[in-house]
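Asks: Structure below; questions to follow.
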Amino acid sequence: MKKMIAAFTIILVFFFVSLVSQAEVSEGTYKVKAGDTLWSIAAQYSTTVRAIQSLNELTSDLIVTHQMLKVPQTDTVPEKQTEASQTYTVKAGDTLFSIANLYSMTVDQLRELNHLSGNLLLPGQELKVTGESSSPVVPASTGSDSWLTEVLDIAGRQIGVPYVWGGATPDGFDCSGFVYYVFKEAGFEIARTTAEDQHARALPVDSPQQGDLVFFENTYKAGISHVGIYLGNDQFIHANDGDGVQISPLSNPYWQEKLEGFGRLTESN
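Right, here's the structure in full:
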């Protein structure tokens with residue numbers, strides 16, 4: 052009888068440890084909003100800043116609006132997911148993507164909320180949206196350089212845009228098309244070229260600053276084959292095949308191995 056009780060106790064302990072282990076590794080996702088910090092997000096999910104940094108391979112506290120973060124999954128639904136809907140009036144030039152980004156939603160969520168089957172929008176049309184409108188946040192260390200702030204602002208707004216070979220619009224980007232679009236929208240005219248051409252036009256730098264280009268080689272082909280925009284603090288933003296526009300750490304073993312160097316665009320480039 053004692054052996055049976057001992058065996059049953061061991062089974063219960065194993066089952067409990069298994070449940071705890073599953074709870075520890077279960078993950079969800081959180082889309083960064085204007086004003087968020089790693090501390091505020093950690094508090095919302097009853098975890099620690101270090102835990103979020105570890106889940107997302109972050110080496111600093113740098114985050115930008117619309118960035119998708121892995122967070123520990125809990126049974127408690129954060130308040131942001133239960134926000135009541137409100138109304139947005141479509142303006143000329145609006146797209147489903149721009150409106151979704153403004154309210155920290157996905158295009159699919161916006162479509163579902165408004166029972167839309169396509170992308171057609173008309174000025175004056177009223178759409179249901181959730182949450183409060185936000186403007187993109189750029190790293191606090193951008194300083195007073197308004198041009199740099201504009202570049203990082205525009206780049207951050209594209210997070211989540213899908214990867215499209217040859218794409219250079221918010222409907223889809225490839226890596227060089229993303230760089231071209233961001234700098235063009237910030238008022239910096241550069242040619243729509245490949246990553247290899249952008250590398251040839253950029254001035255090499257040994258001590259990169261925010262807004263510099265970061266180049267990689269031997270990814271899908273030999274030689275310079277990928278480009279992104281350096282954010283500082285070991286991170287860069289880029290359009291990555293299969294994942295779309297995202298922020299990645301340079302310390303990631305894959306990118307570290309493929310890193311070729313940094314370059315700076317100037318008016319003469």
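Numbering (the working numbering), first residue to last: 52 to 320. Glycine is no exception: its CB is placed at the ideal position from the N, C-alpha and C atoms.
In or out: G218 buried (at least 16 other Cβ within 10 Å) or exposed?
Replies: Here residue 218 refers to the residue found at position 167 when the sequence shown is read from its first residue. Label assigned to G218: buried.
Asks: Please state whether the Cβ-Cβ distance between A251 and F266 is less than 8 angstroms.
Replies: Indexing the sequence shown from 1 puts residue 251 at position 200. Indexing the sequence shown from 1 puts residue 266 at position 215. Cβ atoms of A251 and F266: not closer than 8 angstroms.
Asks: Reducing DSSP to helix, strand and coil, say where K13 ends up.
Replies: For the chain, the structure presents residues 52 to 320; residue 13 sits outside this window and is missing.
Asks: To the nearest angstrom, how far is the alpha carbon of L173 from that of E236?
Replies: Sequence index remark: in the sequence shown, residue 173 carries index 122 (1-based). Sequence index remark: in the sequence shown, residue 236 carries index 185 (1-based). About 24 angstroms.
Asks: Measuring alpha carbon to alpha carbon, tell me which residue in T220, V141 and D263 is nearest R243.
Replies: Working through the sequence shown from its first residue, we reach residue 243 at position 192. It is T220.
Asks: Name the residue from V100, L106 and Q118 whose alpha carbon lies nearest to the alpha carbon of I288.
Replies: Your numbering for residue 288 matches position 237 in the sequence shown. Out of V100, L106 and Q118, Q118 has the C-alpha closest to the C-alpha of I288.
Asks: Apart from the five residues just before and just after A206, which ones in its own chain have a Cβ nearer than 7 angstroms to its Cβ?
Replies: Along the sequence shown, read from residue 1 onward, the residue named residue 206 stands at position 155. If we look at A206 and ignore the five residues flanking it on each side, its Cβ neighbours are V233, I280 and I288.
Asks: What does the Cβ neighbour count give for S168, buried or exposed, with the cut at 16 atoms within 10 Å?
Replies: On the sequence shown, residue 168 is found 117 positions in, with the first residue counted as 1. Classification of S168: exposed, given that the 10 Å Cβ count is below 16.
Asks: Please work out which residues of its chain come closer than 7 angstroms, Cβ to Cβ, to Q176, disregarding the five sequence neighbours upstream and downstream, and give them in chain order.
Replies: Start at 1 with the first residue of the sequence shown, and residue 176 comes out as number 125. For Q176, where only same-chain residues beyond five positions count, the Cβ hits under 7 angstroms are V141.
Asks: How is the beta strand (DSSP E) around K179 delimited, first residue to last?
Replies: For the purposes of this step, residue 179 is taken as the residue at position 128 of the sequence shown. Looking at the DSSP string, the run of the beta strand (DSSP E) that includes K179 is E177 to T181.
Asks: Straight-line CA distance for I92 to G79?
Replies: For the purposes of this step, residue 92 is identified with residue 41 of the sequence shown, where counting begins at 1. For the purposes of this step, residue 79 is identified with residue 28 of the sequence shown, where counting begins at 1. Near 12 angstroms, if we compare the C-alpha coordinates of G79 and I92.
Asks: Going by CA-CA distance only, name the one from Y154, Q307 and L171 that's closest to A143.
Replies: Here residue 143 is taken as the residue at index 92 of the sequence shown, counted from 1. When only C-alpha atoms are compared, the closest one is L171.
Asks: So, under 8 angstroms CB-CB, G283 and Q261 are touching, yes? Tell me the CB distance rounded to an integer number of Å.
Replies: For this step, residue 283 is matched to residue 232 along the sequence shown. For this step, residue 261 is matched to residue 210 along the sequence shown. Their Cβ separation, rounded to whole angstroms, is 5 angstroms, which keeps G283 and Q261 in contact under 8 angstroms.
Asks: Below 8 angstroms on the Cβ atoms is my guess for I114 versus L89; work out the distance and round it to an integer in Å.
Replies: Numbered from 1 along the sequence shown, position 63 holds the residue referred to as residue 114. Numbered from 1 along the sequence shown, position 38 holds the residue referred to as residue 89. Confirmed, Cβ separation roughly 6 angstroms.
Asks: Mapping DSSP to helix, strand and coil, what is I210?
Replies: As a position in the sequence shown, residue 210 is number 159, starting the count at 1. Note: I210 maps to coil in three-state DSSP.
Asks: Would you kindly work out how many angstroms separate the C-alpha atoms of N165 and K82, rounded to a whole number?
Replies: Locating residue 165 in the sequence shown gives position 114, counting from the first residue. Locating residue 82 in the sequence shown gives position 31, counting from the first residue. One C-alpha to the other measures close to 21 angstroms.
Asks: Any idea if W216 is buried or exposed, counting beta-carbon neighbours within 10 angstroms, 16 or more meaning buried?
Replies: Residue numbering aside, residue 216 sits at position 165 when the sequence shown is read from its first letter. Label assigned to W216: exposed.
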